[in-house]
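Residue numbers (UniProt numbering): 1 to 524.
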């Protein structure tokens with residue numbers, strides 16, 4: 001039975017219920033499930049319109065192998081098509097491929113490619129280009145190699161056919177090819193080093209202006225293979241990291257679409273803003289560098305789990321629109337263990353018990369630094385973590401950074417002890433393994449492993465059968481509870497997108513962001 005939650009004075013005194021700029025919206029009285037997941041195409045759309053999008057982060061790079069920010073894909077989608085794509089229902093279908101099939105032995109996937117396409121610089125799109133991209137994405141210099149860890153070889157069968165061989169994880173490969181690792185760039189541009197500053201791919205739009213850390217402007221490409229994806233003539237994507245500033249821009253008509261927080265839903269309706277929502281695979285988490293002092297001890301990590309008041313965070317920061325749980329998967333995922341459920345009885349909020357564990361382990365006067373995205377709500381989350389860990393005798397310094405710099409600090413430079421952030425990976429349970437849990441994963445700077453977790457994660461990733469996957473991941477979660485890894489899930493976020501009444505042909509993806517392919521704006 002879930003206990004009743006009282007929002008502590010700590011949350012209130014830290015100003016965590018206030019927005020960063022302007023007046024904070026009042027508590028929402030409507031559940032996110034009460035809103036639609038999409039808006040159908042309007043018959044009154046203007047093909048000559050400009051569309052403006054306000055987002056929480058800026059692209060860390062235009063080169064997929066340098067991507068260290070889950071937000072990159074939002075800026076890439078207009079200019080970079082992928083081998084596969086995700087449908088509104090979460091299924092995977094071809095994009096630059098025309099079909100994909102899996103071998104009966106689950107050891108390979110074969111893709112047939114769309115004919116007659118070229119990259120923006122005129123380089124032909126063919127099987128050789130696909131092999132080049134996939135080999136590059138899984139290479140030693142790639143920061144996204146963990147998302148295609150299962151690939152052992154890529155072979156050109158004929159000019160429009162590619163065979164991808166794997167040593168496991170076929171169940172998640174299609175999802176990966178519908179995300180960053182499925183992005184296709186011009187081999188010629190990649191070899192010339194052009195992708196550091198500009199995209200060269202296949203897409204319905206091309207960039208006309210890139211102002212790093214501020215905005216990107218796009219215009220429609222003539223002769224694009226999928227004209228249904230080009231419902232506006234131009235687009236502008238802006239970085240607006242402060243939640244209230246972003247909301248104010250949307251309400252004032254300065255932007256057409258933006259991510260909004262659940263506590264802004266009622267205010268949005270009053271301001272004439274349309275809202276779409278969908279349960280997401282995104283969760284708040286604390287990640288630890290297990291090479292830093294006592295953080296390598298699973299008992300210490302258990303104490304940290306018990307020091308976090310997940311329900312208070314959900315209520316105090318998200319008005320309950322963030323499901324508190326210890327699992328890193330939503331209920332709709334094959335990774336979700338029904339036996340464990342939210343797991344709040346496994347790692348209950350119990351500061352006294354947490355302090356006892358630390359005392360028994362000889363841990364005292366521990367000082368840690370947590371890095372966090374400089375997005376308002378995630379910085380607030382880090383401040384809550386700071387307060388709650390203080391209650392068990394741990395002093396935490398909060399260091400907000402732009403998302404790409406946050407990843408650089410925690411994952412690559414391995415400077416900070418903790419990262420208080422949000423999971424924005426693929427909507428497949430195996431994404432957690434490749435991106436966070438594997439010894440070489442980007443978000444596992446300490447290289448800490450739990451052999452049982454990795455064993456069952458591999459079993460779950462190998463199958464295409466949801467039932468088989470669920471059985472394996474249930475065992476993985478049992479091992480998770482027995483010896484918690486360096487990732488501490490806090491709650492599954494219910495994200496929402498707000499938009500101008502003139503916007504249509506948009507849906508909310510299970511990854512948490514809106515799908516803007518084919519976005520439309522009505523005639524004025």
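Ideal Cβ placement from N, Cα and C applies to all residues, glycine included.
It should be emphasised that the depicted structure is a prediction, and the values quoted were computed from it without experimental measurement.
C-beta contact flag for residue i and residue j at 8 Å
| i | j | result |
| --- | --- | --- |
| residue 133 | residue 144 | no |
| residue 146 | residue 441 | yes |
| residue 100 | residue 117 | no |
| residue 162 | residue 150 | no |
| residue 418 | residue 287 | yes |
| residue 329 | residue 429 | yes |
| residue 461 | residue 168 | yes |
| residue 278 | residue 505 | no |
| residue 164 | residue 108 | yes |
| residue 187 | residue 80 | no |
| residue 355 | residue 392 | yes |
| residue 327 | residue 477 | yes |
| residue 120 | residue 206 | yes |
| residue 491 | residue 280 | no |
| residue 309 | residue 325 | no |
| residue 532 | residue 403 | Outside the shown range of the chain (1 to 524) lies residue 532, about which nothing can therefore be said. |
| residue 255 | residue 497 | no |
| residue 358 | residue 396 | no |
| residue 184 | residue 171 | no |
| residue 436 | residue 444 | yes |
| residue 148 | residue 128 | no |
| residue 501 | residue 276 | no |
| residue 486 | residue 446 | yes |
| residue 529 | residue 219 | Nothing in the structure corresponds to residue 529, since the chain is present only between 1 and 524. |
| residue 307 | residue 389 | yes |
CA-to-CA distance, residue j to residue i, given in whole angstroms
| i | j | result |
| --- | --- | --- |
| residue 17 | residue 104 | In this prediction, residue 17 has a pLDDT of 34, which is less than 50 and means its spatial position is unreliable; nothing more can be read from the coordinates. |
| residue 173 | residue 106 | 11 Å |
| residue 508 | residue 228 | 18 Å |
| residue 481 | residue 463 | 23 Å |
| residue 225 | residue 75 | 20 Å |
| residue 398 | residue 405 | 14 Å |
| residue 214 | residue 340 | 43 Å |
| residue 470 | residue 159 | 38 Å |
| residue 510 | residue 272 | 25 Å |
| residue 238 | residue 57 | 9 Å |
| residue 11 | residue 265 | Residue placement at residue 11 is flagged as unreliable, the pLDDT there being 37, under the threshold of 50; the coordinate-derived value follows with that caveat. Cα-Cα distance, rounded: 21 Å. |
| residue 454 | residue 473 | 10 Å |
| residue 26 | residue 194 | With a pLDDT of 48 at residue 26, under the threshold of 50, the modelled position of this residue cannot be trusted, and the question is left open. |
| residue 295 | residue 124 | 50 Å |
| residue 8 | residue 63 | Interpretation of residue 8 is limited by its pLDDT of 35, a score under 50 that renders its predicted location unreliable; no figure is taken from the coordinates. |
| residue 518 | residue 180 | 19 Å |
| residue 407 | residue 71 | 12 Å |
| residue 293 | residue 88 | 44 Å |
| residue 524 | residue 209 | 25 Å |
According to DSSP, residues forming a beta bridge with residue i
| i | result |
| --- | --- |
| residue 50 | 234 |
| residue 215 | 211 and 238 |
| residue 499 | 257 and 274 |
| residue 514 | 508 |
Integer Cβ distance of residue i from residue j, believed to fall under 8 Å
| i | j | result |
| --- | --- | --- |
| residue 54 | residue 250 | 7 Å |
| residue 236 | residue 217 | 5 Å |
| residue 416 | residue 379 | With 8 Å as the limit, residue 416 and residue 379 do not qualify as a contact, their Cβ atoms being about 14 Å apart. |
| residue 526 | residue 268 | Outside the displayed span of the chain (1 to 524) sits residue 526, for which this structure offers no information. |
| residue 521 | residue 39 | That pair is no contact at about 12 Å. |
| residue 84 | residue 182 | 6 Å |
| residue 290 | residue 448 | 3 Å |
Neighbour-count burial assignment, residue i, 16 or more Cβ in a 10 Å radius
| i | result |
| --- | --- |
| residue 257 | buried |
| residue 263 | buried |
| residue 412 | exposed |
| residue 141 | exposed |
| residue 82 | buried |
| residue 563 | Because residue 563 is not part of the residues shown, which for the chain are 1 to 524, the question remains open. |
| residue 122 | exposed |
| residue 323 | buried |
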